[in-house]
Amino acid sequence: FWRRGISFYLDAKGFQYKTNPQDQATAPRACQWRKRNEGLEFRLTRKCSKARVVNVNFIVAISYGAGVVLWEPYFGSTTAEKIATIVADHFDTAFLKSSNPITRRFLMDNFPRQKFKKAMTAYEKVKSMAFCIQPRSPDLNPIENFFNQVNQVLQKQALDSNIKKESKEVFTKRVKHTMISFDKTKIDRIIDTMLKAYNQSDSRKRTSYIILMKNTGIYILFHNIKLFSFIDCMS
C-alpha cells in the first residue's frame, strides 16, 4: 500500500541558508548549556540559536519508483494561500509523475495551515485525496527522512567543494538540484520503512497504527485503538 497506494508524500521544508556553508557544516551539532552567570562573550551567539535564521522554503513531494515529483520554492512563511496556488499549478503534473496517477492519494502531516479551508478546497478542486498523520508523528512520514538525507548531502557538498561563500539564489539552486538528482532507489528504501514503522510497537506495547476512513474522502492515520476516537484532519 505505501509503495503504490499513496501517489506521493508531501511536506513543506525550510532549508537553512548560511553565507558560509563550509563553516556551518563544520560547526558542532550540539548546543552548549550554561548557567545564568556564564553568559557568552560580547558579540558572540550560540550556534544552536534560531535567531535571525534565513530559510529557503520548498513544497516537496516524493513518490515510490518516481523519486521527487514536486519541488516548488516559495518565499516567506507558509500560508494556505501559497499552498492553494502550488496545488492548483503543480499537483496535476506531480500526480502524473507519481507511481500511482489514478487514485490521486497523497500523505501529509497535520500542519494546520495545510488544512485551512483554502488549502482543502484546492485539494478537492484537483480531485485529490489527502491522508493525514497525527501531530508530532514525523516517523510516520518518510519525507522527513528524505529531508534529513538531503541536508547531509548539502553539508557534504559544502565541505568537499570548499564552499566558503554562497548567495541565497545559488543556494536555492543547489538545494533544488540536490533534490531532483537524489537517488530514486534511496527514496524507495525510505518509503519501504513505512511498513516497519507501522508494524513496530514500543516498550509500552502501543497498538500498531491503523487506518480509519471517513466518507469525506479524507483519511486519518491513528494509533492506540484502545483509546478509540476519531481525528478529523478537516478540523
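Numbering (the working numbering), first residue to last: 362 to 596. We treat Cβ as the ideally placed atom computed from N, Cα and C, and that holds for glycine.
Do we get a CB-CB distance below 9 Å when we pair residue i with the residues of chain D?
i	result
Phe376	In the displayed structure, chain D is absent; only one protein chain is listed.
Could you say which of the options lies nearest to residue i if we only look at CA atoms?
i	options	result
Ala491	Gln475, Ile504, Pro503, Glu505	Gln475
Lys478	Gly437, Glu442, Phe452	Glu442
Asp372	Val429, Glu527, Lys545, Leu520	Val429
Gln513	Trp363, Gln377, Ser528, Gly366	Gln377
Ile420	Ala386, Phe452, Ala427	Phe452
Thr454	Asp470, Asn471, Ala427	Ala427
Gly437	Gly375, Ile524, Tyr370, Pro382	Gly375
Lys517	Trp432, Phe467, Pro382, Phe456	Pro382
Phe507	Lys545, Phe472, Ser528	Lys545
Phe472	Lys488, Arg465, Met481	Met481
Glu527	Trp432, Lys379, Phe362	Lys379
Phe608	Gly366, Tyr425, Asp384	As displayed, the chain neither begins before 362 nor continues past 596, which places residue 608 out of reach and without an answer.
Asp384	Leu431, Ser522, Leu501	Ser522
Helix, strand or coil for residue i, going by three-state DSSP, please let me know.
i	result
Pro503	coil
Tyr378	strand
Ala388	coil
Asp593	Because Asp593 carries a pLDDT of 41, less than 50, the predicted location of this residue cannot be relied on, and the following value inherits that uncertainty. Coil.
Arg567	Confidence in Arg567 is poor, its pLDDT being 44 and thus under 50, which makes the residue's placement unreliable; the coordinate value appears in the next sentence. Reduced to three states, the DSSP call for Arg567 is coil.
Pro473	helix
Asp453	helix
Val487	coil
Phe362	coil
Asn512	helix
Val414	coil
Glu433	strand
Phe532	helix
Ser459	coil
Thr539	helix
Ile586	For Ile586, the predicted model reports a pLDDT of 37, less than 50, meaning its position is unreliable and no value from the coordinates is stated.
Does the distance from the C-beta atom of residue i to that of residue j stay below 9 Å?
i	j	result
Gln510	Ile551	yes
Thr533	Val417	yes
Pro503	Thr539	no
Val448	Lys486	yes
Tyr370	Leu468	yes
Ile524	Ile423	no
Ala483	Thr446	yes
Ile494	Asp470	yes
If I'm right that residue i touches residue j with Cβ under 8 Å, what's the distance once you round it to whole angstroms?
i	j	result
Pro434	Ser368	At roughly 22 Å, the Cβ-Cβ gap does not stay under 8 Å, so Pro434 and Ser368 are not in contact.
Leu520	Ala388	Actually they are not in contact, since the Cβ atoms of Leu520 and Ala388 sit about 12 Å apart, beyond 8 Å.
Arg364	Ser460	7 Å
Arg465	Gly366	Contact doesn't hold; Cβ gap of about 11 Å is too wide.
Starting from residue i, follow its DSSP beta bridges and name the residues at the other end.
i	result
Ser424	Gly428
Tyr370	Ile423, Leu468
Using a threshold of 8 Å, is the CB atom of residue i nearer than that to any non-hydrogen atom of the ligand GTP?
i	result
Tyr378	The ligand GTP is absent from the structure shown, which contains no ligand whatsoever.
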